[in-house]
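Chains as they are written, first to last, in our numbering: chain B, 1 to 148; chain R, 149 to 409.
Structure, as structure tokens:
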Amino acid sequence: MYDAMSKAVLVVAVFVVAVMVNFRPAPALAGDTLYTALGGNEGIVRLVDKATEEFLADPRISNTFADTNIARFKEKLAEQFCELSGGPCVYSGQDMHAAHKGLKLRSRDFSALVENLQVAMGKCDIPFSTQNKLLALLAPMHRDVVTQ
Amino acid sequence: MLATGGASQVEGAGGGGLATWAMITGYGSRDGIGANTHFTYVGLSDFSLKSYGFAIGLHDRLELSYARQAFDTEDAGITLGLGQNFKFNQDIYGIKLRLVGDAVHDQDTWLPQISVGVQHKRADRGQVIRLIGGRSDRGTDFYAAASKLFLSESLLVNATLRATKANQFGLLGFGGDRENGYSATYEASAAYLLNKHLALGAEYRTKPDNLSFARENAAYSLFASVFPNKHISMTLAYVDLGDIALHPDQRGIYASLQAGF
């Protein structure tokens, strides 16, 4: 039993070390938020531009945007990312359920959108751990967006 | 969202190498049917284990799985009086039901995804199993698993509680001359996602100790999983299964290839 316990402690210790080695602490600046990590307003606008390019080029989901005013979509998405990440914006678009209810989206559509967003974040050189912080804020929207 | 859709544990259910997860297997199961196949090789100091199987996920609710394990005694078969390369095999039929939660998308609550499952195991070599003190060549495990992806920390955590009589996962039968009832065992695992294609983690799993002829210990592994795309994954691990059939400190490599949709 002692042997098993020491093995368990060893496993946990190795794991903690592995996590710490790969943990890159963000600089402890005043007002340090996900918003600043994404590059502020400029970074978010760039990300939204890239992401929208990816959405529209993906045959799995491009149809979803057939009736979308793209300029307005980009503006509202940037506003939403800004507010969610702790920036000085207030999202003025429709709530997520209302905005998507006519589209009959499936879970795979949501996944495709996330994949495109991940590609866009990669192209904007946003670190993986920062990408996940933004995705963590968006993931619960699965509930409102996916209706099929 | 991440490469959490297609991995199988050694008994064929959706999970890591040793530990069972609450997730329903298959990338596509949210919209209908997902599936996953695996082939796993474990090379230990004195033994080796091969496992292959498949799992089907239905509507992110129900998972059906099958695995076939072959445990090769290699040269140790001679000293055990069984003959060189004597093999213990077993078939494992599994079913898993998701009760509540969504491990991936529910990032705004602390509630994990919780599933319950049953694994029915049928070992061959019933005669040898009885000779070494095992009570049966068939057994059924019952488990409850909780999984949670802490996405903002890039961390996946799992905990499983299992009721089992299995000796060495069932390969050496069920129940024994030392203890014949169900034991409560647990599995714990955590994986840190380094990037879209690589996860590092650790697993720990306790096992019953039913046979008086040889002690049985807990198992652990340290693993790296690679996801070239969402349909294929490869896991390489250092694994320690403890003492097996009088052979101490069975350690070695765990290699698994998985493909799914």
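All C-beta atoms, glycine included, are put in the ideal place defined by N, C-alpha and C.
Everything numeric in this text was worked out from a predicted model, so none of it was measured.
Label B/Arg72 either buried or exposed according to how many other C-beta atoms from any shown protein chain fall within 10 Å of its C-beta, with 16 as the threshold for buried. Its Cβ having fewer than 16 others within 10 Å, B/Arg72 is exposed.
Under the rule that 16 or more other beta-carbon atoms within 10 Å means buried, what is R/His253, buried or exposed? Result: buried.
Can you give the Cα-Cα distance for R/Asp208 and R/Thr227, rounded to whole angstroms? Those two C-alpha atoms are separated by around 47 Å.
Are there three or more Cβ pairs, one per stretch, closer than 8 Å when the region 166-173 of chain R is compared with the region 274-288 of chain R? These segments do not touch.
What separation, rounded to the nearest whole angstrom, lies between the Cα atoms of B/Val113 and R/Ala294? Per the sequence shown, residue 113 of chain B should be read as Leu rather than Val. CA-CA distance, B/Leu113 to R/Ala294, rounds to 27 Å.
R/Met171, DSSP secondary structure in three states: Coil at R/Met171, not helix or strand.
How would you label B/Leu138, buried or exposed, when you count the other beta carbons within 10 angstroms and need 16 or more for buried? Answer is buried; the Cβ neighbour count reaches 16.
Going along chain B in order, which residues have a C-beta closer than 8 Å to the C-beta of R/Asn343? What R/Asn343 touches in chain B, judged by beta-carbon distance under 8 Å, is Phe128, going in chain order.
For R/Met382, list the residues DSSP reports as bridge partners. Residue pairing by DSSP puts R/Met382 in a beta bridge opposite R/Val374, R/Leu405.
Contacting positions in the region 255-289 of chain R - beta carbon closer than 9 Å to chain B: For chain B, the residues of the region 255-289 of chain R that bring a beta carbon within less than 9 Å of one of its beta carbons are Gln255, Asp256, Thr257, in chain order.
Test: R/His253 CB closer than 7 Å to a CB of chain B: Interface residue, yes.
Rounded to the nearest angstrom, what separates B/Ser92 and B/Glu79 at their Cα positions? One alpha carbon belongs to B/Ser92, the other to B/Glu79, and they sit about 8 Å apart.
Pull the bridge partners of R/Ile392 from the DSSP assignment, please. R/Ile392 pairs with R/His395.
Residue environment, B/Ile126, which counts as buried when at least 16 other CB atoms sit within 10 Å: Buried: at least 16 other Cβ atoms inside 10 Å.
Would you mind telling me which residues of chain R sit closer than 9 Å to B/Ala37, beta carbon to beta carbon, in chain order? Counting only Cβ-Cβ distances below 9 Å, B/Ala37 has no contacts in chain R at all, with the closest Cβ about 12 Å away.
Pull the bridge partners of R/Tyr291 from the DSSP assignment, please. Partner residues in the beta bridge of R/Tyr291, as assigned by DSSP, are R/Gly265, R/Arg310.
Ends of the beta strand (DSSP E) at R/Ala218? Run containing R/Ala218: 210-220, per the beta strand (DSSP E) assignment.
So is R/Leu295 in contact with chain B if we call contact Cβ pairs under 7 Å? Reading off the sequence, residue 295 of chain R comes out as Ser, not Leu. For R/Ser295, no CB of chain B lies under 7 Å from its own CB, so it is not counted at the interface with that chain.
Looking only at C-alpha atoms, which of R/Lys296, R/Leu297, R/Arg270 sits nearest to R/Asp285? The option with the nearest alpha carbon to R/Asp285 is R/Arg270.
Check whether the Cβ atoms of R/Gly349 and R/Phe375 lie closer than 7 Å to each other. No.
What would DSSP say about B/Pro27, mapped onto helix, strand or coil? At B/Pro27 the pLDDT is 45, less than 50, meaning the model places this residue with poor confidence; the figure from the coordinates comes in the next sentence. Looking at B/Pro27 - three-state DSSP - the assignment turns out to be coil, as it is neither helix nor strand.
Assuming B/Ala120 and B/Leu56 form a contact by the criterion Cβ under 8 Å, report the distance between their Cβ atoms to the nearest whole angstrom. About 12 Å separates the CB atoms of B/Ala120 and B/Leu56; that is not less than 8 Å, and the two are not in contact.
Which residues in chain B have a C-beta closer than 7 Å to the C-beta of R/Leu299? List them in chain order. Per Cβ cutoff of 7 Å: Asn132, Leu135, Ala136, Ala139.
Can you check whether the CB of R/Ser360 is closer than 7 Å to the CB of R/Asp325? Cβ distance < 7 Å, so R/Asp325 and R/Ser360 count as in contact.
So which residues on chain R does B/Ser85 lean against when the C-beta distance must stay under 8 Å? Those within 8 Å of B/Ser85 in chain R number zero; the least Cβ separation is about 12 Å.
Among B/Leu135, B/Gly39, B/Ile44, B/Ala99, which residue has its Cα nearest to the Cα of B/Asp67? Of the candidates B/Leu135, B/Gly39, B/Ile44, B/Ala99, B/Ala99 places its Cα closest to the Cα of B/Asp67.
If we cut at 7 Å on Cβ distances, does R/Arg353 have a partner in chain B? Not closer than 7 Å to any Cβ of chain B, the Cβ of R/Arg353 fails to qualify, so no.
Relative to the C-alpha of R/Ala367, which candidate in R/Leu192, R/Gly225, R/Asn184 has its C-alpha closest? Residue R/Leu192 is the option with its Cα nearest to R/Ala367.
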